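Below you'll find the structure, written out as structure tokens, and then a few comments.
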Amino acid sequence: MFDLDRWQEIYHVLSKNKVRTFLTAFGVFWGIFMLVIMLGSGKGLQHGVTQNFGDMATNSVFIWTQQTSLPYKGFPRGRGYNFENEDAVALAHSIPEIKYLAPRIQAGGFMQTNNVIRGLKSGIFNIMGDYPAFNKIDPLNFISGRFIDDLDIREKRKVAVVGTRVVELLFNKEEKPINQYIQIQGVYFKIIGVFRSKRTGEQADQENQNIYMPFTTLQRTYNYGNAIGFFSITSQDDIPVSVVEEKAIRLLKQRHSIAPADESAVGHFNLQKEFDQMQGLFFGIRLLVWIVGTGTLLAGVIGVSNIMLVVVKERTKEIGIQRALGAVPRVIITQIMTESIVLTTFAGYFGLVVGVGLLELINYLLGSTGANTEMFVHPGIDFSVAVTALTILVVAGAVAGLIPAYRAISIKPIDALRYE
Amino acid sequence: MIRIKQIHKSYVTGQNSLHVLKGIDLDIAAGEMVSIMGASGSGKSTLLNILGILDDYDSGEYHLNGLLVNRLSERKAAQLRNRMVGFVFQSFNLVSFKNAMENVALPLYYQNVPRKKRNLIAMEYLERMGLAEWAHHLPNELSGGQKQRVAIARALIGNPKVILADEPTGALDSKTSLEVMDLLQEINATGITLIIVTHEHDIALRTKKTIRITDGNITEIIMNN
Ligand SMILES: Nc1ncnc2c1ncn2[C@@H]1O[C@H](COP(=O)(O)OP(=O)(O)OP(=O)(O)O)[C@@H](O)[C@H]1O
Ligand SMILES: [Mg+2]
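Here the protein sequences come in this chain order: A and B. Read in order, the letters of the first sequence correspond to residues 1 to 420 in the numbering used here. Read in order, the letters of the second sequence correspond to residues 1001 to 1225 in the numbering used here.
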């Protein structure tokens, strides 16, 4: 219930010494402001880094061939080898924990000369042969058209999916690339899809220069026999990818006569592990921010408690009068605690608003200047964090008012009345 | 209305203990108007504070309106003060940030009377004090006599059984003192018990009974007429 007299008294107390009130409020303001800025920056860093994962399934592992490091079954060390189509069949057959299996082969040996031509225009691009499953593991962001499908694979169609950078370099602005033909290392391909990378910075630029074609087409057209470049694999949803990783490597070693103890013959990268490490790092950052932030906030709140003690002392006589006239302890205690809560909450709310405002401004500037900020994207704080911070403030305000409030009623009314 | 038996009170400060009230016996009937006189430091204010439940006593018995007042919780004490006792102080003790009307209404605020209603009642009391036009002035805009009349209105608004006044005219000139005494006499005439601590004989003479305290004991009770 709104109690005008209570608010009149709060106003009187807080406005009596404006400089003092302001300085006290500033302590709390600064605490929450710093907390918001630090949490928001942490979030920005996290967004920046995780965006580089794109929408890639985090339960993925990538496996490729390297040279053997141990002699085995009569083979010397330092032997090179290739994965083959039969490996893919074997993996799919004998490891039920696999959800998606996407073999890939990359057309190479063209780094010096323009490998893609359209009329008078040409450029150097990365050429990948992929299965439809790849778009499940690391989904592309299509502007138009589609990805490779099973029919493309089966019929070894000469179709290509290209990045925006490819389109920019080979087409005029007004031209529609879909269903147009480009010449890739001497062979004509029809464009069936255009995508733009979801990643940021350098990585995005790289990806936008990619050209994807059916795996089988690439193998056949450019004479790769039945070789496979590398495998992208995801595990079933409830199974850690490390299980799949281990089984797949063991199977591949067996099939290629590699010593079980050979650590370097099969190259592999577990995205899950990387991702988990990153999450751990961000959790650490967040924890640190909360510790530092609440520490700063605590300093502000102690300031409030101190000032409330001074206020209570200054108002001893006034409180004595109120008690003589019949104010029960509860009235005095709630009054002082309300003053404390109002001061903390107002100051803190202001800090919250200014902090969020600043983050929004940074966001806006990042967006409008188009700065290449690979590591810092969308700083901001969650609504739930803001609510938590405000709750902490109200509780802190109450706690800050508690000691002064009890101090106020611990003295006898007559001593309060006589206080000079 | 007030009945005290063998009240003792000492102030302890550090090592020293000062025995201020040394066994006071006193009966004051409902509707009486009594003055308390005595040398400075004789214990008049100490006695009055005990009567007003602002302070406690060491031994003895104090009955207020038939109720034993002894070591009450502060909540009980505050409620009892609010319902039973009105205070008039030498230094007025108005709340500085509240205007005259709000000051008068304060005891009703602690009874949770709604603001509109208590301000209306406060206005009635201010009118009785002839202060209606000062209702919206802050205490520091009022003269001493006006302040004391606001304080009296405030003491009255809760319909107390007893009004305790510690040197109510001590800070006033003689003309204003007389006006305040007129007011207090009128109040007493409505049946409210009145106890006034004073140093002035002509003030004491306007009460029905004067109690003289010397060094913590009642030494004399004089009937005035
Ligand atoms: N809170 C206290 N602590 C210690 N001593 C006190 C306290 N209050 C009063 N005294 C002492 O008790 C004695 C009686 O004080 P009291 O205020 O009752 O006197 P009084 O009769 O009202 O005097 P005056 O006429 O000057 O007002 C005095 O000696 C005073 O110094
Ligand atoms: Mg005195």
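Using N, Cα and C, we set each Cβ at its ideal position, and we do this for glycine too. The model shown is predicted, which means the values in this text are computed figures rather than measured ones.
Within this structure, are the beta carbons of Gly1170 of chain B and Thr1207 of chain B separated by less than 9 Å? Contact annotation: Gly1170 of chain B and Thr1207 of chain B have beta-carbon atoms that are not nearer than 9 Å.
Take Phe142 of chain A as the anchor and find which of A:Leu14, A:Arg157, A:Val162, A:Ala133 has the nearest alpha-carbon. The residue with the shortest Cα to Cα distance from Phe142 of chain A is A:Val162.
Please report the distance separating the alpha-carbon of Gly1216 of chain B from that of Gly1023 of chain B. Distance between the alpha carbons of Gly1216 of chain B and Gly1023 of chain B is about 8 Å.
List the DSSP bridge partners of Met1037 of chain B. In the DSSP output, where bridge partners are listed per residue, Met1037 of chain B has B:Arg1212.
DSSP three-state label for Pro1139 of chain B, please. The answer is helix: DSSP assigns Pro1139 of chain B an H, G or I state.
Within chain C, the residues that His12 of chain A reaches when beta carbons sit closer than 7 Å: The displayed structure is made up of protein chains A and B, and chain C is not among them.
Below 8 Å, is the gap between the Cβ of Gly1052 of chain B and the nearest heavy atom of ligand 1? Incorrect: Gly1052 of chain B has no Cβ contact closer than 8 Å to ligand 1.
Report yes if the C-beta of Glu1061 of chain B is less than 8 Å from at least one heavy atom of ligand 1; otherwise report no. Every heavy atom of ligand 1 is 8 Å or more from the Cβ of Glu1061 of chain B, so no.
Tell me whether Tyr419 of chain A counts as near ligand 1, meaning its Cβ is closer than 8 Å to at least one heavy atom of that ligand. No; taking the cut-off as 8 Å, the Cβ of Tyr419 of chain A has no heavy atom of ligand 1 nearer than that.
Can we count Val28 of chain A as close to ligand 2, meaning its CB is less than 8 Å from some heavy atom? Not under cutoff, so the answer is no.
Assuming contact is defined by CB atoms lying nearer than 9 Å, are Ser1035 of chain B and Thr1190 of chain B in contact in what I supplied? Contact: no.
Three-state class that DSSP yields for Ser122 of chain A in the structure shown: In the structure shown, Ser122 of chain A falls within a strand segment according to DSSP collapsed to helix, strand and coil.
What does Tyr1110 of chain B touch in chain A if you count any residue whose Cβ is under 9 Å from its own? Gln322, Leu325, Gly326, Ala327, Val328, Val331, listed in chain order.
Quick one: is Leu1018 of chain B buried, meaning 16 or more other Cβ sit within 10 Å of its Cβ, or exposed? Answer is exposed; the Cβ neighbour count stays below 16.
In chain order, each beta strand (DSSP E) run of at least 3 residues that lies wholly inside the region 1067 to 1142 of chain B: Those beta strand (DSSP E) runs which fall completely within the region 1067 to 1142 of chain B and span 3+ residues are 1085 to 1089.
Spatial neighbours of Arg20 of chain A in its chain, beta-carbon cut-off 7 Å, leaving aside the 5 residues before and after: Around Arg20 of chain A: Ile307.
Just verifying my parser: in three-state terms, what is the DSSP assignment at Tyr349 of chain A? In this structure, Tyr349 of chain A counts as helix in the three-state DSSP scheme.
Would you say Gly293 of chain A touches ligand 3, meaning its beta carbon is less than 8 Å from a heavy atom? Ligand 3 is not part of this structure, which contains only ligand 1 and ligand 2.
In the DSSP output, which residue or residues are listed as bridge partners for Val1197 of chain B? Per DSSP, the beta-bridge partners of Val1197 of chain B are B:Ile1036, B:Asp1166.
Residues of chain A with CB closer than 7 Å to the CB of Gln1079 of chain B, please, in chain order. By Cβ distance, chain A contributes Gly326, Val328.
Measuring only from the beta carbon, is Glu1237 of chain B closer than 8 Å to any heavy atom that is part of ligand 1? Absent from the structure is residue 1237 of chain B, since the part of chain B shown begins at 1001 and ends at 1225.
Mind checking the region 1114 to 1129 of chain B against chain A and listing, in chain order, the residues whose C-beta falls within less than 7 Å of any C-beta there? For the region 1114 to 1129 of chain B, the beta-carbon criterion of a distance under 7 Å to any beta-carbon of chain A is satisfied by Arg1115.
If we count the other Cβ atoms within 10 Å of its Cβ and call it buried at 16 or more, is Ser1177 of chain B buried or exposed? Buried, because 16 or more other Cβ atoms sit within 10 Å of the Cβ of Ser1177 of chain B.
Contacts of Pro1263 of chain B in chain A (Cβ-Cβ under 7 Å): Past the edges of chain B, shown from 1001 to 1225, lies residue 1263 of chain B, and the structure says nothing about it.
Who sits around ligand 1, taking every residue whose Cβ is closer than 6 Å to one of its heavy atoms? Having a Cβ closer than 6 Å to some heavy atom of ligand 1 are B:Tyr1011, B:Thr1013, B:Leu1018, B:Val1020, B:Gly1038, B:Ser1040, B:Gly1041, B:Ser1042, B:Gly1043, B:Lys1044, B:Ser1045, B:Thr1046.
Quick one: which chain B residues come within Cβ less than 8 Å of Ile414 of chain A? Here the neighbours are Asn1049, Leu1054, Asp1055.
Looking at the structure shown, is Tyr1011 of chain B part of a helix, part of a strand, or coil, going by DSSP? Correct three-state label for Tyr1011 of chain B: strand.
For Asp237 of chain A, which three-state DSSP category applies? Assignment of Asp237 of chain A by DSSP, reduced to helix, strand and coil, places it in the coil class.
What residues of chain A sit near Glu1074 of chain B, judged by a beta carbon separation below 9 Å? For Glu1074 of chain B, the chain A residues whose Cβ falls inside 9 Å of its Cβ are Arg323, Val328, Pro329, Ile409, Lys412, Pro413, in order along the chain.
Which of helix, strand or coil does DSSP assign to Pro1160 of chain B? Reduced to three states, the DSSP call for Pro1160 of chain B is coil.
If I follow the unbroken alpha helix (DSSP H) through Ile37 of chain A, where does it start and stop? It spans 18 to 51 - the alpha helix (DSSP H) in which Ile37 of chain A sits, taken as one unbroken run.
Option in B:Ser1045, B:Ile1157, B:Arg1081 with minimal Cα separation from Leu1126 of chain B: In terms of CA proximity to Leu1126 of chain B, B:Ile1157 leads the group B:Ser1045, B:Ile1157, B:Arg1081.
Can you name the residues of chain B whose CB is closer than 8 Å to the CB of Glu318 of chain A? Near Glu318 of chain A (Cβ distances below 8 Å), the residues of chain B are Val1095, Ser1096.
For Ser1045 of chain B, does the three-state DSSP call read helix, strand or coil? In this structure, Ser1045 of chain B counts as helix in the three-state DSSP scheme.
Complete alpha helix (DSSP H) runs within the region 273 to 337 of chain A (minimum length 4 residues, chain order): Assignment of alpha helix (DSSP H) within the region 273 to 337 of chain A, counting only whole runs of 4 or more residues, yields 316 to 324 in chain order.
With 9 Å as the threshold, decide whether the Cβ of Arg1149 of chain B is near any Cβ in chain A. Not an interface residue.
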